[in-house]
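From first to last, the protein sequence lines stand for chains A and B.
If you count by numbering that gives the first Met the number 0, then the first sequence holds residues 0 to 334, one letter each, in order.
If you count by numbering that gives the first Met the number 0, then the second sequence holds residues 0 to 326, one letter each, in order.
Note sheet for the following structure.
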Amino acid sequence: MTALLEAAGLVRRYFTRRGLLGRVTEVRAVDGVSLRVERGRTLGLVGESGCGKSTTGRLVLGMEMPDAGEVRFDGAPMPPPGTAAWRASRARMQMVFQDPLGALDRRLPVGAQVAEPLEIHRIGTPAKRTARVEDLLRSVGLRPDHAARYPHELSGGQRQRAVLARALATSPDLLVCDEPISALDVSIQAQVMNLLVDLQERTGTAVLFISHDLRAVRQVSHRVAVMYLGRIVEKGEPDAVLHDPAHPYAQALVSAIPHPGRAGRRVVLGGDPPNPADRPSGCAFHPRCSIAVGMCTRVVPELKPRPGDGRLVACHVAQGEVAPGTGVAEVKEAA
Amino acid sequence: MSVPLVAIRGLRVAFDGQPALRGIDLDVMPGEAVGLVGESGCGKSVTWLAALGLLPGRAEAGGSVRLGGEELLGASPATLDRVRGRRVAMIFQDPASSLNPVHRIGAQVVEALALHRGLRGAAARAEAKRLFDQVGIPDAARRLDAYPHELSGGQNQRVMIAIALAGRPDLLVADEPTTALDVTIQAQILELLGALRRETGMALVLISHDLGVVSETCDRVAVMYAGRIVEEAPVGRLFTTPGHPYARGLLGALPPMEGPRRRLLAIPGGVPEPWAMPPGCPFAPRCPLHIAACDSAVPPLVTLAPDHRAACIRATVAPLIEERAAA
């Protein structure tokens, strides 16, 4: 079976200048990301701020063109942005953002905003559209009379439901959710996660779920990919990655999850989140890694199946190519 | 029992006549770490802003906040100036907006040292460097001359903590100190707060919406809902045997890390608006255990076990694990 969405070797570079007369530096936001999302399945993309997960989301939606690599949607390459074919493809893929209040127009009632995709893509007659909006609102757990309300009259959870209803208006095949629950309260997060799972069961929509929250990713995803500085460093089943992470960064990420009732034994990662404009050589994680060896500073590890269980991981040590080292101290000595 | 460092009694706050806090009783013992948990708008930040006299003029506060026997509510500006930063320090969610972007971070620490400890010149700079070392800022001597924009969010939060420590406070109030930070950096800051508390013996109040964050850092937790404390318990007890249905709901809403993936036990509906508060228990409209008696009066805190109190007429102490297995 071909995947609904297939991305291969995506690269996206930005150029920034530090200061007025500063040197122009290249920032590789996404550096060779490949992923596939099948119909009716959810891929969770996890990572910290600046790791390129949102840029990846924009690339697979064709909102930006990759500098290298290719996105194939339903077997065909993504048309260039702005073309008629690209516009038509919009109806089949939709995006949900973090901040529902920012994603909604404050001056329009919610119903009109949910109807907008139907008007843009000329789906149904005006009369049918009203009925469709009512169905959509019901399907996300809102009442039809909410259609007349303005965004400020709804609670945070209701707003994110309205955003979801709008995204689902065109019955998309793919939904890209970029941190859809981070701005919501804990009890509301649970409502939205349940809703996403229910909607997927009912409509068979494929979902790319971008989040920094591993708990949420486990709850909604069938597969999970961990990103660090523009690259996928580990990919696998959510339970496998969460309970037995192979990459040292994934291990730190898992152990950093605050967990009620858990006692100590946490791997606290030293150092700061990396700066994509000043990318370390070799494995980008080596300056913060506690088991790095000299090789890690020179050779970029490939994402490939680990001998034994076939877990996809990009780490020389996890692959068994070298024995675990002692991290930065050893690396500095070797250099 | 020893004397509490801070004793809050019947604290009420209203903005433009709309009540935000509806009577809070809370004690903080010397050296104790207390977590204050709740969703946005439940009044967890307002409690401490009111206690330190940091609310805007349109807010009306009533009740009592005593710090070591001294009344803070309605105290003179001179009294509050002696307390703020020196006896009670506060750090906030977004360190970048709490620091002055056009001053070097070292100068901002020195300012606090001059104000609270009367240190000047080289002595102040040496103490600032010591504080930077204490909060784990690498290369402290040189970093004193950096500007906030040159540091990461995690490092800026360390600077804020250094400034808070400058007055050697008896109590540090940390209002969502890690919410704006990445998970791995959050872990660093929580470790730091724990270590500082052990070193200095100061008390800590950690305000957070994240039960996980509180569980790892605090001795005791107070859960707030709609301007009231609805449950108070030692941290281990709250997570194994929560009494109030809202606390149970919050724990049930947390996606599990292990076991089969089940539907999350989401709490239906949303927090009631301050102008449409139910007549009885404010949680009643969302509560799975709701009965008619819940609507007649606001339930008082009842003692379920020593140190464990919940404001619910149907509160039980059944272990959460069993309820999950049954669900």
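Heads up, the beta-carbon is just placed ideally off N, CA and C, and yes, glycines get one too.
None of these values were measured; they are calculated from a predicted model.
Assignment of valine 45 of chain A by DSSP, reduced to helix, strand and coil, places it in the strand class. Under the three-state reduction of DSSP, glutamate 149 of chain B is assigned to helix. The shortest CA-to-CA distance from aspartate 306 of chain B to any of B/Val12, B/Gly268, B/Ala95 and B/Thr240 is the one to B/Thr240.
Interface flag for glutamate 47 of chain A against chain B is set, since a Cβ pair is found closer than 9 Å.
Sequence-distant partners of isoleucine 184 of chain B (beyond 5 residues in either direction) whose C-beta falls short of 6 Å from its own C-beta, in its chain, are Gly153. Using a Cβ-Cβ cut-off of 9 Å, isoleucine 209 of chain A does not count as an interface residue toward chain B, since no Cβ of chain B sits closer than that to its own. Under the three-state reduction of DSSP, leucine 117 of chain A is assigned to helix. Scanning its chain for C-beta atoms nearer than 7 Å, with the 5 sequence neighbours on each side dropped, one finds around tyrosine 13 of chain A the residues Val26 and Ala28, in chain order. Residue-level contact check: valine 212 of chain B touches chain A, since one or more beta carbons of chain A fall below 9 Å from its beta carbon. Per DSSP, reduced to three states, the secondary structure at serine 138 of chain A is helical.
Look at the stretch 190-230 of chain A and you find these whole runs of alpha helix (DSSP H), each 4 residues long or longer: 213-219. If the five residues before and after proline 237 of chain A are omitted, its C-beta is found closer than 6 Å to the C-beta atoms of Arg217, Ser220 and Val223, all from its own chain and listed in chain order. Along the stretch 7-89 of chain B, the beta strand (DSSP E) occurs as fully enclosed runs of 3 or more residues at 17-27, 32-36 and 58-66, listed in sequence order.
The beta carbons of threonine 177 of chain B and valine 234 of chain B sit about 17 Å from each other, so the pair does not count as a contact at 8 Å. Arg265, Val267, Leu268, Asp271 and Pro272: these are the residues of the stretch 265-278 of chain A whose beta carbon lies less than 7 Å from some beta carbon of chain B, given in chain order. Neighbourhood of serine 151 of chain B in chain A, by CB distance below 8 Å: Asp271 and Pro272, in chain order. Glycine 242 of chain B and alanine 309 of chain B do touch by the CB rule: their CB atoms are close to 4 Å apart, below 8 Å.
At a Cβ-Cβ threshold of 9 Å, arginine 103 of chain B and aspartate 169 of chain B do not count as neighbours. According to DSSP, residue pairing for lysine 234 of chain A in a beta bridge involves A/Ala224 and A/Leu311. The C-alpha of proline 273 of chain B is placed about 40 Å away from the C-alpha of glycine 203 of chain A.
Within its own chain, no residue has a Cβ closer than 6 Å to the Cβ of leucine 20 of chain A once the five positions on either side in sequence are excluded. In the displayed model, serine 295 of chain B falls within coil according to three-state DSSP, outside both helix and strand. As a beta-bridge residue in DSSP terms, cysteine 176 of chain A pairs with A/Val95 and A/Phe208. A Cβ-Cβ contact shorter than 9 Å links glycine 73 of chain B with alanine 60 of chain B.
Residues Gln318 and Gly319 of the same chain have their beta carbon placed closer than 8 Å to that of proline 306 of chain A, with the five preceding and five following residues left out of the count. Among the bridge pairs identified by DSSP, lysine 303 of chain A is matched with A/Val312. The C-beta separation of methionine 159 of chain B from serine 97 of chain B comes to about 6 Å, placing the pair in contact by the 8 Å criterion. Looking at A/Val312, A/Leu195, A/Gly281 and A/Arg131, the one whose alpha-carbon comes closest to that of valine 298 of chain A is A/Gly281. Taken through DSSP and simplified to helix, strand or coil, threonine 302 of chain B comes out as strand. Scanning its chain for C-beta atoms nearer than 6 Å, with the 5 sequence neighbours on each side dropped, one finds around glycine 39 of chain A the residues Gly203, in chain order. For serine 186 of chain A, the nearest beta carbon of chain B is closer than 9 Å to its own beta carbon. In the DSSP assignment, the residues bridged to phenylalanine 14 of chain A are A/Glu25. In this structure the stretch 31-50 of chain A lies against the stretch 191-209 of chain A, because at least three pairs of beta carbons, one per stretch, are closer than 8 Å. Each of B/Glu31, B/Val297 and B/Gly16 was checked against the Cα of arginine 196 of chain B, and the nearest Cα belongs to B/Glu31. For the stretch 19-51 of chain B, residues whose beta-carbon sits nearer than 8 Å to a beta-carbon of chain A comprise Glu38 and Ser39. Per DSSP, the continuous alpha helix (DSSP H) segment holding tyrosine 248 of chain A begins and ends at 247-254.
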